[in-house]
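The sequence shown begins at 21 in this note's numbering and counts up by one.
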Amino acid sequence: MGSIKDIKNNILGGENEPALDGSTRRDKVIVRTSVIGILANVFLAAFKAGVGLLSHSIAIVLDAVNNLSDAASSLITIVGTKLAGREPDKKHPFGYGRIEYLTAMIISLIVLYAGITSFVESVKKIITPDTPDYSPAALIIVAVGVLVKVFLGRYVKSVGEKVKSDSLVNSGEDARLDAIISASTLFAAVVYLLSGLSLEAWLGAIISLVIIKSGVEMLRDTLSSILGERADAELSRGILETVRSFPEVSGAYDLVLNNYGPDAYNGSVHIEVPDTMSASELDELIRSITIAVIKEHNVILTAVGVYSVNTRHDHAAEMRDAIRELVLSKEHVLQMHGFYVNEEKKTLRFDCVVSFDAPDRREIYAQICREVQELYPDYAIQIALDTDFSESE
21 MGSIKDIKNN ILGGENEPAL DGSTRRDKVI VRTSVIGILA NVFLAAFKAG VGLLSHSIAI
81 VLDAVNNLSD AASSLITIVG TKLAGREPDK KHPFGYGRIE YLTAMIISLI VLYAGITSFV
141 ESVKKIITPD TPDYSPAALI IVAVGVLVKV FLGRYVKSVG EKVKSDSLVN SGEDARLDAI
201 ISASTLFAAV VYLLSGLSLE AWLGAIISLV IIKSGVEMLR DTLSSILGER ADAELSRGIL
261 ETVRSFPEVS GAYDLVLNNY GPDAYNGSVH IEVPDTMSAS ELDELIRSIT IAVIKEHNVI
321 LTAVGVYSVN TRHDHAAEMR DAIRELVLSK EHVLQMHGFY VNEEKKTLRF DCVVSFDAPD
381 RREIYAQICR EVQELYPDYA IQIALDTDFS ESE
């Protein structure tokens with residue numbers, strides 16, 4: 021089996037160029053956005069560090085450190101994007117797209133580390149406080165920093181959501197948190213200038229906890245992507261609708277999608293077709309379905325399984341309806357498909373999908389097997405306990 025790009029080339033020929041160009045544009049957008057983030061954060065870090073040291077403000081110094089961590093996050097995003105864009109090879113035939121998840125995880129750890137470090141420093145200042153020295157210039161710089169980080173965070177996160185880059189989304193969220201830190205520093209400065217009460221260490225501790233929480237959530241989401249999640253329900257429904265749009269297909273089931281990086285999916289599906297179709301007709305239908313799914317959804321179906329539908333025996337439909345009523349009457353049974361009766365061999369087969377919410381899926385399956393066998397004792401029953409991987413129904 022070749023790489024995802026190779027399969028597209030083989031199936032679509034020259035028609036797949038727009039998809040490949042889109043992938044290249046995506047990488048360029050991520051790199052350009054990250055470079056903007058690096059420049060903005062280095063600029064802010066330099067000014068805030070100088071102001072924080074001169075004014076003896078731990079909050080401003082910590083804010084500068086957070087800017088440097090943002091710059092590092094953007095640099096990691098660039099490196100990760102470049103590595104993820106490497107051509108597939110013998111060892112990794114599906115490419116290196118999942119590296120983007122690893123870079124997103126590293127950024128999450130940086131955010132988590134920054135939050136823990138900030139919390140420790142804030143607690144130290146609560147125990148042994150310093151007298152801050154706020155100047156108008158310092159407050160103006162911090163205010164400008166708030167505005168820059170607000171716009172930068174919104175921009176980076178929106179681009180990340182548009183190109184489906186978890187690294188950019190996490191970087192944008194980190195920038196938003198930095199804006200909150202800077203805004204709290206301004207609030208503490210105003211309170212101190214008006215009342216002489218220094219709150220910045222306490223605010224720093226509270227905000228540090230918020231950063232730690234965000235870092236944990238980012239890390240949890242990224243690890244979930246690495247472990248493997250259900251595909252987007254809308255994407256799954258769209259693929260099944262495309263497959264079912266072919267007149268020869270009476271049903272499409274068992275959609276399984278494997279993710280090899282953002283927008284890099286391949287998978288398999290089963291289709292129900294009349295049992296009168298020849299091998300050549302099936303071959304042409306499966307190729308047409310594969311091409312349509314690539315064109316419309318940018319997903320490669322590496323396998324299309326076949327369920328045959330009875331057309332030669334009238335009573336098969338009656339048996340199917342009776343069994344369907346029995347099976348679907350069970351709580352937690354989501355679906356029945358792939359039904360077929362072989363009168364010559366006296367066999368009856370179908371698949372049933374039992375929800376993961378069921379307290380005991382195996383018990384429900386065993387009950388269905390018993391009751392169907394009682395309903396048709398003269399037939400050998402073959403029932404498969406199936407799983408709904410796509411949650412598209």
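Don't be surprised by glycine CBs; every beta carbon is placed ideally from N, CA and C.
Spatial distance of residue i from residue j (CA atoms)
i, j, result
"T242", "L122", "8 Å"
"V62", "S288", "47 Å"
"G325", "V374", "20 Å"
"A337", "V329", "9 Å"
"S187", "E120", "7 Å"
"I130", "M238", "11 Å"
"S138", "V189", "22 Å"
"K177", "R196", "9 Å"
"V162", "S215", "20 Å"
"R45", "R52", "10 Å"
"I403", "I98", "50 Å"
"N279", "I314", "15 Å"
"I126", "I96", "8 Å"
"L354", "S204", "51 Å"
"C389", "E268", "30 Å"
"A66", "G165", "11 Å"
"L132", "V230", "10 Å"
"T322", "N286", "6 Å"
"Y175", "S54", "11 Å"
"I384", "G235", "41 Å"
"D380", "A386", "10 Å"
"V210", "L219", "10 Å"
"G271", "L260", "9 Å"
"A104", "G281", "8 Å"
"A400", "R340", "15 Å"
"R118", "D295", "40 Å"
"E35", "R382", "Note that E35 scores 46 on pLDDT, short of 50, meaning its location in the model is unreliable; the coordinates nonetheless yield the value given after this. Straight-line Cα distance between these residues: approximately 46 Å."
"V276", "H333", "32 Å"
"Y327", "N318", "25 Å"
"E391", "V293", "27 Å"
"K102", "D47", "8 Å"
"R264", "G258", "10 Å"
"E301", "E316", "22 Å"
Burial state of residue i (16 or more Cβ within 10 Å)
i, result
"G100", "buried"
"I147", "exposed"
"S377", "The question names Ser, but residue 377 is Asp in the sequence shown. Label assigned to D377: exposed."
"T331", "exposed"
"T367", "exposed"
"I160", "exposed"
"E254", "exposed"
"D41", "With a pLDDT of 48 at D41, under the threshold of 50, the modelled position of that residue is not reliable, and no figure is offered here."
"V140", "exposed"
"I291", "buried"
"G248", "exposed"
"V71", "buried"
"K68", "buried"
"D406", "buried"
"H357", "buried"
"D18", "Here the chain comprises residues numbered 21 to 413, so residue 18 is not present and cannot be evaluated."
"E394", "exposed"
"A284", "buried"
"I50", "buried"
"D371", "buried"
"F359", "buried"
"K145", "buried"
"I320", "buried"
"H244", "Note on residue identity: the sequence assigns Ser, not His, to residue 244. Classification for S244: exposed."
"V299", "Looking at the sequence itself, residue 299 is Ala, so the reference to Val does not match. Exposed is the call here."
"E363", "exposed"
"L213", "exposed"
Which residues DSSP lists as bridging residue i, in chain order
i, result
"I320", "N286"
"G135", "The partner list for G135 (beta bridge, DSSP) is empty, contrary to what the question assumes."
"V329", "P294"
"Y352", "In the sequence as presented, Tyr is not what sits at residue 352; that position holds His. Answer by DSSP bridge pairing: none, since H352 is not bridged."
"H357", "D371"
Would you call the region 337-345 and the region 305-319 in contact, with 3 or more CB pairs under 8 Å?
By the Cβ criterion, the region 337-345 is not in contact with the region 305-319, since fewer than three pairs of Cβ atoms, one from each stretch, lie closer than 8 Å.
I'd like the ranges of any alpha helix (DSSP H) spanning at least 4 consecutive residues and lying wholly in the region 361-408.
At a cut-off of 4 residues, the continuous stretches assigned as alpha helix (DSSP H) that sit fully inside the region 361-408 are 381-395.
Across the region 86-106 and the region 48-67, are there enough close Cβ pairs to call them in contact, namely three or more that are closer than 8 Å?
Of all C-beta pairs linking the region 86-106 to the region 48-67, three or more are shorter than 8 Å, placing the two stretches in contact.
Considering only residues of the region 270-305, which uninterrupted alpha helix (DSSP H) runs meet the minimum length of 4 residues and lie entirely inside it, listed in chain order?
Here no run is fully enclosed.
If we count Cβ pairs, one from each stretch, closer than 8 Å, do we get three or more for the region 195-205 versus the region 161-181?
Between the region 195-205 and the region 161-181 there are three or more inter-stretch CB-CB distances shorter than 8 Å, so the stretches are counted as touching.
Can you list, in chain order, the stretches of the beta strand (DSSP E) that have 3 or more residues and sit fully within the region 179-210?
Segments of the beta strand (DSSP E) lying fully in the region 179-210: there are none.
Spell out a yes or no on whether the region 111-119 and the region 225-238 are touching, meaning 3 or more CB-CB pairs, one atom from each, closer than 8 Å.
Taking 8 Å as the limit for Cβ pairs, the verdict is that the region 225-238 does not touch the region 111-119.
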